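Read through the structure below, which is laid out as structure tokens, and then see the notes.
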């Protein structure tokens, strides 16, 4: 979406077929899958009125924020930008690292994610670019990895972010803006997407988008999309996989998400045998791949050599309404999550592409 928007600012052909524009904004509503948006259409009348049947695409795998946002801002697949999951192996330091919050001096953002961003490419053509989001993300390692080249504009509420975007459009004859909305995903994790709190966030986003759309001028294009969707997993559907010894035998590290485990084996352990053990126990509830199978199937897109060992030796992607947890983990707080994502189901992968302003069909 950002790649096509940048191309439209130079009147160049682009994958989305966007017409030429002078300014562009891409709104990323974290966790707003098409299935939940359509299920609550009456509470998001503006958004659903502008969602054409053809404006639905598959997000990336894994269906997780780190991978999805990095693909949006670089225009390449997770295997190429290297953020191949929520928690992935840092083999050099023999540890699993959270790709959103786990950055430190041993994981330098420009080396770990070495692909140019859309914002850097915009700067090369003289187009200023901006990222608008909560203040807490201004200097984060993740922001340095995926937003570099953009000027970060902090704003704490959805309305304040749209106001900041309007001010940027007014101040610049040309501009590319990325606007991040994390509130839906936060509410989904804590309360579920079927909760009243998630619904309130959807109504707020709908109203603010409608209000901002009314200010768009003829040369200002807008896209609203998401990184992934969400499913609600009740506590009774949590699977404590470590209670089956065969599923953790030879496993050194556990990464990924509860709906998309990435298992990293000890040296010399046969990944095919581990995958078969998982298929024997969980094959009815999950898709199970070895790393070689996942790469050959193109699940991560083109994989650059430095990123290969970040992908699990075995991947367990839930297809039923379950979430996988390790009961040996000292911190069990993640088990309080209701809204979950990461896997290959339509509910998690399918996201909207809503076109407004100069981009409206």
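Numbering (my numbering), first residue to last: 30 to 390. We put the CB at the ideal spot given by N, CA and C, even for glycine. Predicted model, so just to flag it, every value in this text is computed and none were measured.
Three-way DSSP call (helix, strand, coil) for residue i in this model
i: residue 282; result: strand
i: residue 156; result: coil
i: residue 376; result: helix
i: residue 228; result: helix
i: residue 253; result: strand
i: residue 263; result: coil
i: residue 307; result: helix
i: residue 382; result: coil
i: residue 245; result: coil
i: residue 124; result: strand
i: residue 162; result: strand
i: residue 173; result: helix
i: residue 87; result: strand
i: residue 45; result: coil
i: residue 277; result: coil
i: residue 129; result: coil
i: residue 71; result: helix
i: residue 324; result: helix
Beta-carbon gap between residue i and residue j smaller than 8 angstroms
i: residue 50; j: residue 250; result: yes
i: residue 117; j: residue 327; result: no
i: residue 291; j: residue 354; result: no
i: residue 381; j: residue 112; result: no
i: residue 93; j: residue 114; result: yes
i: residue 237; j: residue 187; result: yes
i: residue 314; j: residue 348; result: yes
i: residue 75; j: residue 248; result: no
i: residue 320; j: residue 342; result: yes
i: residue 331; j: residue 108; result: yes
i: residue 213; j: residue 84; result: no
i: residue 312; j: residue 91; result: no
i: residue 174; j: residue 138; result: yes
i: residue 279; j: residue 303; result: yes
Integer-rounded CB distance, given that residue j should sit under 8 angstroms from residue i
i: residue 183; j: residue 163; result: 7 angstroms
i: residue 148; j: residue 191; result: So it is not a contact: roughly 20 angstroms between Cβ atoms.
i: residue 310; j: residue 276; result: 6 angstroms
i: residue 316; j: residue 352; result: Contact flag wrong, Cβ pair sits at about 15 angstroms.
i: residue 159; j: residue 189; result: The pair is not a contact, with the Cβ atoms about 14 angstroms apart (cut-off 8 angstroms).
i: residue 338; j: residue 99; result: So it is not a contact: roughly 18 angstroms between Cβ atoms.
i: residue 399; j: residue 289; result: An answer regarding residue 399 cannot be provided, because it is not within the stretch 30 to 390 covered by the chain.
i: residue 52; j: residue 204; result: 5 angstroms
i: residue 387; j: residue 48; result: 6 angstroms
i: residue 171; j: residue 128; result: 7 angstroms
i: residue 301; j: residue 357; result: About 24 angstroms; that fails the 8 angstroms criterion.
i: residue 151; j: residue 57; result: Going by Cβ atoms, the distance from residue 151 to residue 57 rounds to 17 angstroms, so no, they are not a contact pair.
i: residue 45; j: residue 33; result: 4 angstroms
First and last residue of the uninterrupted beta strand (DSSP E) at residue i
i: residue 346; result: 343-347
i: residue 206; result: 204-210
i: residue 15; result: Only positions 30 to 390 of the chain appear in the structure, and residue 15 is not among them; the question remains open.
i: residue 183; result: 180-183
i: residue 142; result: Segment: none, residue 142 is in no beta strand (DSSP E) and carries neither H nor E.
i: residue 290; result: 289-294
i: residue 315; result: 315-319
i: residue 328; result: From DSSP, residue 328 is part of no beta strand (DSSP E); its letter is neither H nor E.
Residue span of the alpha helix (DSSP H) that contains residue i, given as start and end
i: residue 355; result: Counting along the chain, residue 355 falls outside any alpha helix (DSSP H), and DSSP gives it neither H nor E.
i: residue 32; result: 31-38
i: residue 81; result: Premise fails: residue 81 is in no alpha helix (DSSP H) and is neither H nor E.
i: residue 57; result: Looking at the DSSP string, residue 57 is not in any alpha helix (DSSP H); the run it does join, the beta strand (DSSP E), is 52-58.
i: residue 102; result: 94-103
i: residue 191; result: 187-200
i: residue 63; result: 63-68
i: residue 109; result: 107-110
Residue i at chain D interface by Cβ criterion, 8 angstroms
i: residue 281; result: Although the question refers to chain D, the structure presented lacks it and comprises just one protein chain.
Check: Counting pairs of Cβ atoms below 8 angstroms between the stretch 365-380 and the stretch 253-273, do you hit three or more?
Finding: yes
Check: Is the number of C-beta pairs between the stretch 98-110 and the stretch 139-146 that are closer than 8 angstroms three or more?
Finding: yes
Notebook entry, point to check: Between the stretch 199-208 and the stretch 62-76, do at least 3 Cβ pairs fall closer than 8 angstroms?
Noted result: no
Margin query: Using a Cβ distance threshold of 8 angstroms, determine whether the stretch 211-222 contacts the stretch 360-375, with at least three qualifying pairs required.
Written below: yes
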